[in-house]
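Residue numbers (my numbering): 2 to 376.
Just so it is clear, CB atoms sit at the ideal spot from N, CA and C, and this is done for glycine as well.
Since this is a predicted model, take the numbers as computed values, not measurements.
Working notes, beginning with the structure itself.
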């Protein structure tokens with residue numbers, strides 16, 4: 002009997018998706034050493050944005066924390082239109098490209114690339130890029146073998162993202178079954194999740210945040226108040242000031258949310274997926290304050306996980322600038338002035354400053370996800 006080492010044995014382990022991508026890249030390099038980078042972008046159908054997500058290239062990060070409208074990437078849009086991958090065997094022809102992503106790739110010195118669209122049940126959800134440090138290497142024979150790897154990578158990404166979408170759907174279904182009527186609208190969740198992502202991108206360099214962290218923060222932030230499912234309507238919807246006892250009940254939604262997330266992750270078998278502690282932290286700690294007066298644990302400053310500090314700022318800002326049954330919407334200027342007063346007391350200073358720096362993006366998000374007659 003002949004011994005054989007499985008080059009992809011690492012994929013059988015409970016390891017993060019990025020480590021699986023790196024293991025796959027290592028296996029490919031044994032056959033094609035000229036492939037120096039594999040990168041994945043994912044597509045947001047609601048905004049038309051294409052966002053960097055994962056890559057396997059170590060220190061080479063020409064497009065980290067990057068997003069662009071698919072409409073502003075005509076060569077990629079053409080791939081979708083034709084429905085076939087794109088082979089570029091000499092990237093020198095793109096050195097003088099007009100678009101920022103083209104310029105960054107050109108500056109990195111990649112010599113050739115192979116780009117494939119990814120689909121899940123016929124729906125486009127992103128691209129896989131194979132970059133080479135040599136020109137004229139993507140022959141028909143090479144491409145036939147890479148295609149097998151590309152579909153495997155696509156399935157790994159689909160598996161993880163679908164699991165998260167399943168979890169989110171389960172939460173929404175639970176809300177429907179229990180007839181929770183929270184005054185916060187779907188548009189609020191659309192906006193605050195994008196504010197959260199915007200803050201994370203701005204803080205990425207300071208806190209060494211990768212694209213996986215940023216994208217999972219975007220996906221998980223709408224679940225921050227899941228624990229309100231367990232709060233009685235007479236308290237959740239009370240228009241007047243809560244009594245001391247009612248306030249204690251309302252504040253229990255943070256603990257309830259954490260317990261619900263633990264149960265959901267266990268029941269759906271999702272505990273091993275990377276960044277799930279981020280989801281736990283967001284639901285439990287998004288009402289903690291930097292001065293230690295928050296709940297449920299009274300932790301303060303850097304004791305509060307960064308993702309919870311980010312979501313807190315995004316949530317408060319959108320609450321201030323949104324119309325509620327008990328208040329009119331504040332202007333952005335008034336809301337920002339209020340955030341500055343809370344900065345360093347209840348809200349994290351870095352997170353507030355990161356939001357303030359991006360007023361143009363804030364206005365774009367508000368215009369795209371504005372309140373309607375139906376919320």
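My output table needs one value for residue 214: the three-state DSSP class, helix, strand or coil. The answer is helix: DSSP assigns residue 214 an H, G or I state.
Residue 319: buried (16+ other C-beta within 10 angstroms of its C-beta) or exposed? It counts as buried.
Can you tell which of 139, 142, 118 has the C-alpha that lies nearest to the C-alpha of residue 453? One cannot answer for residue 453 here, as it falls past the ends of the chain, which runs 2 to 376.
Do residue 348 and residue 313 have their CB atoms nearer than 8 Å? Yes, the pair counts as a contact, with Cβ atoms nearer than the cut-off.
Does DSSP classify residue 356 as helix, strand or coil? Helix.
7 Å Cβ shell around residue 202 - same chain, five flanking residues per side excluded: Taken in chain order, the residues that qualify are 66, 215.
Closest to residue 340 by C-alpha separation, out of 322, 329, 328, would be which residue? When each option's Cα is compared against that of residue 340, the closest is 322.
Does DSSP put residue 68 in a helix, in a strand, or in coil? Here residue 68 sits in strand by DSSP.
Cα separation between residue 171 and residue 19? Straight-line Cα distance between these residues: approximately 26 Å.
Could you have a look at residue 17 and say whether DSSP puts it in helix, strand or coil? Residue state, collapsed to three classes: coil.
Do you know how far the Cα of residue 195 is from the Cα of residue 120? Taking the straight line joining both Cα atoms gives about 24 Å.
Measure the CB-CB distance between residue 142 and residue 111 and report whether it falls below 8 Å. Cβ distance not < 8 Å, so residue 142 and residue 111 don't count as in contact.
Contact between the region 125–134 and the region 217–229: three or more CB pairs below 8 Å? Here the region 125–134 makes no contact with the region 217–229; the two share fewer than three CB pairs at distances below 8 Å.
Unbroken alpha helix (DSSP H) runs of length 4 or more, entirely within the region 190–271: which are they? Listed in chain order, the complete alpha helix (DSSP H) runs (minimum 4 residues) inside the region 190–271 are 212–221, 234–237, 245–252, 254–268.
Could you tell me which residues DSSP puts in a beta bridge with residue 119? 127.
With a CB to CB cut of under 7 Å and the five nearest residues on each side skipped, what residues in its chain are close to residue 42? Same-chain partners within the cutoff: 51, 52, 53, 54, 127, 128.
Can you give me the C-alpha to C-alpha distance between residue 147 and residue 272, rounded to a whole angstrom? In this structure, the alpha-carbon of residue 147 lies about 31 Å from that of residue 272.
What do you get for residue 140, buried or exposed, if any count of 16 or more other CB atoms within 10 angstroms of its CB means buried? In the assembly as shown, residue 140 is an exposed residue. Its beta-carbon has fewer than 16 other beta-carbons within 10 Å.
What residue from 161, 365, 338, 208 has the CA that sits closest to residue 317's CA? Comparing Cα-Cα distances from residue 317 to each of 161, 365, 338, 208, the minimum goes to 338.
Below 8 Å on the Cβ atoms is my contact criterion, and I expect residue 165 with residue 311 to pass it. Report the Cβ-Cβ distance as a whole number of Å. 18 Å between Cβ atoms; not a contact.
Would you identify the three-state DSSP class for residue 300, choosing helix, strand or coil? Three-state DSSP puts residue 300 in coil, outside helix and strand.
Which stretch, first to last residue, makes up the alpha helix (DSSP H) that contains residue 37? Element bounds for residue 37: not the alpha helix (DSSP H) but the beta strand (DSSP E), 36–45.
Specify the secondary structure class of residue 85 as computed by DSSP and reduced to three states. The answer is coil: DSSP assigns residue 85 none of H, G, I, E or B.
Identify the residues that DSSP records as bridge partners of residue 50: which are they? 45, 70, per the DSSP bridge assignment.
By a C-beta neighbour count over all protein chains shown, 10 Å radius and 16 as the cutoff for buried, is residue 37 buried or exposed? Buried: at least 16 other Cβ atoms inside 10 Å.
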